[in-house]
Amino acid sequence: FLFQIVIYCLGVNSPDWFSGFSKFDTVDGDGNWFQEFTIATGPWDAGTEDGDTYNTENDATSPQSTIMEFTTATAPSNGVFLNAAQDAVLPVVSWTCRLGPAEPLPAFDVTTTDSSVASTETVNYECQFINNWSAVNHPIMYPSSAHWSPPILAAHTNQYTMWEESGMSSDGVQLVAETGGTSTLQDELSSAVISGTVGTVVVGTSTFNSVTQVQFFDDIEMTPTFHYMSTISMIAPSPDWFTGYYGVDFINSATETWYDEVVITTYAWDAGTEEGDTYSG
9 FLFQIVIYCL
19 GVNSPDWFSG
29 FSKFDTVDGD
39 GNWFQEFTIA
49 TGPWDAGTED
59 GDTYNTENDA
69 TSPQSTIMEF
79 TTATAPSNGV
89 FLNAAQDAVL
99 PVVSWTCRLG
109 PAEPLPAFDV
119 TTTDSSVAST
129 ETVNYECQFI
139 NNWSAVNHPI
149 MYPSSAHWSP
159 PILAAHTNQY
169 TMWEESGMSS
179 DGVQLVAETG
189 GTSTLQDELS
199 SAVISGTVGT
209 VVVGTSTFNS
219 VTQVQFFDDI
229 EMTPTFHYMS
239 TISMIAPSPD
249 WFTGYYGVDF
259 INSATETWYD
269 EVVITTYAWD
279 AGTEEGDTYS
289 G
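Heads up: the sequence shown is residues 9 to 289, going by my numbering.
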């Protein structure tokens with residue numbers, strides 16, 4: 009189908025005159041969006057009101073007539089809209105539209121299934137990590153030693169941030185992203201537990217893609233206070249790349265119940281702490 013744009017602008021202090029364009033196809037013949045386009049438009053008569061001067065107090069056109077472009081043949085006899093030589097009707101507006109930045113990919117895809125368990129209850133979730141990083145899905149320079157660092161899962165309040173898009177990496181996140189080490193992040197989480205912003209923390213094991221595709225974790229307890237979850241695991245070997253999700257709410261606020269199941273598809277992230285564009289340490 010065609011991707012079209014319709015724009016018009018009312019000529020104020022006029023009977024029913026306007027300018028604009030209609031049904032302009034913003035995709036070229038090769039199926040690509042135009043980077044930029046400019047359209048010069050002339051004056052038009054909407055066919056709804058009589059009048060040939062710049063004023064708004066006019067009788068309605070009866071019967072209503074069709075929309076008409078003003079040309080040298082159709083412009084009012086008093087010369088409105090004609091150029092100085094009175095031999096042409098020049099454009100009154102130029103419209104320029106430029107292609108904006110593409111919508112960013114989602115930070116992660118979340119699919120949920122509802123339950124009837126009230127959000128006032130304390131619950132336990134059985135979590136698993138399913139590997140999708142492979143030579144089939146990501147063939148370019150895929151490393152033979154591809155593996156994941158021990159994933160960390162944390163239940164927390166909305167006052168805690170393990171990491172987030174456009175944020176700065178903490179020392180703990182930096183260590184995970186660069187080396188796979190979890191000690192510093194676990195220390196940060198322990199401090200957050202003491203301050204009351206983090207509840208249960210679960211740490212998994214390192215897995216190599218050539219051997220293990222699914223990792224199961226110990227149950228993670230979530231409560232009415234700690235109903236958000238964040239995770240992280242290094243994409244290894246790499247400069248400072250990782251995957252995970254942050255601040256996912258496991259309570260359906262509309263029904264005030266816990267989700268029965270939450271499936272989260274995550275993407276690759278750069279921690280912003282080390283240069284590099286290949287799979288290397």
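Glycine included, C-beta positions come from ideal geometry on N, C-alpha and C.
(Q) Quick check: residue 170 and residue 254, are their CB atoms within less than 7 Å of each other? (A) Residue 170 is a Cβ neighbour of residue 254, given a cutoff of 7 Å.
Q) Among residues of its own chain, excluding the 5 on either side of residue 205, which ones have a beta-carbon nearer than 7 Å to its beta-carbon? A) Contacts found: 164, 165, 167 and 168.
Q. Which runs of the beta strand (DSSP E) fall wholly inside the stretch 78-108 and span at least 3 residues, in chain order?
A. Those beta strand (DSSP E) runs which fall completely within the stretch 78-108 and span 3+ residues are 101-106.
Q. Secondary structure at residue 184, three-state DSSP: helix, strand or coil?
A. Shown here, residue 184 sits in a helix according to DSSP, grouped into three states.
**Q.** Cβ shell of residue 135 (< 7 Å), same chain only, five flanking positions each side left out
**A.** Counting only Cβ-Cβ distances below 7 Å, and skipping sequence neighbours, we find 161, 225 and 228.
**Q.** residue 272, DSSP secondary structure in three states
**A.** Strand at residue 272.
**Q.** Rounded Cβ spacing between residue 234 and residue 207 (contact assumed at less than 8 Å)
**A.** Contact holds; Cβ gap of about 3 Å.
Q.
Can you find the residues in the same chain that come closer than 6 Å, C-beta to C-beta, to residue 156, ignoring five residues on each side of it along the sequence?
A. Only 215 and 241 meet the Cβ criterion.
**Q.** First and last residue of the uninterrupted beta strand (DSSP E) at residue 238
**A.** Its beta strand (DSSP E) spans residues 236-244.
(Q) Spatial neighbours of residue 139 within its chain, please: C-beta separation below 6 Å, excluding the five flanking residues on both sides. (A) Cβ neighbours of residue 139 within its own chain (closer than 6 Å, five residues either side excluded): 217 and 221.
Q. What does a CB cutoff of less than 7 Å around residue 56 pick up in its chain, not counting 5 residues either side in sequence?
A. Same-chain partners within the cutoff: 24, 68, 69 and 72.
Q. How far does the alpha helix (DSSP H) with residue 203 in it reach, from first residue to last?
A. Where residue 203 is concerned, the enclosing alpha helix (DSSP H) stretches over 191-203.
Q: Could you round the C-beta distance between residue 267 and residue 130 to whole angstroms and report it? I think they count as a contact, below 8 Å.
A: The pair is not a contact, with the Cβ atoms about 15 Å apart (cut-off 8 Å).
Q) How would you call residue 97, buried or exposed, if buried means at least 16 neighbouring beta carbons within 10 angstroms? A) Buried, since its Cβ has 16 or more Cβ neighbours within 10 Å.
Q: Could you tell me which of 212, 199 and 82 sits nearest to residue 189, measuring between CA atoms?
A: Nearest to residue 189 by C-alpha distance, out of 212, 199 and 82, is 212.
Q) Just to confirm, are residue 269 and residue 248 a CB contact at a threshold of 7 Å? A) In this structure, residue 248 does not lie closer than 7 Å to residue 269 by Cβ.
(Q) Less than 7 Å between the beta carbons of residue 6 and residue 50, yes or no? (A) The chain is shown from 9 up to 289; residue 6 falls before or after that span and cannot be answered.
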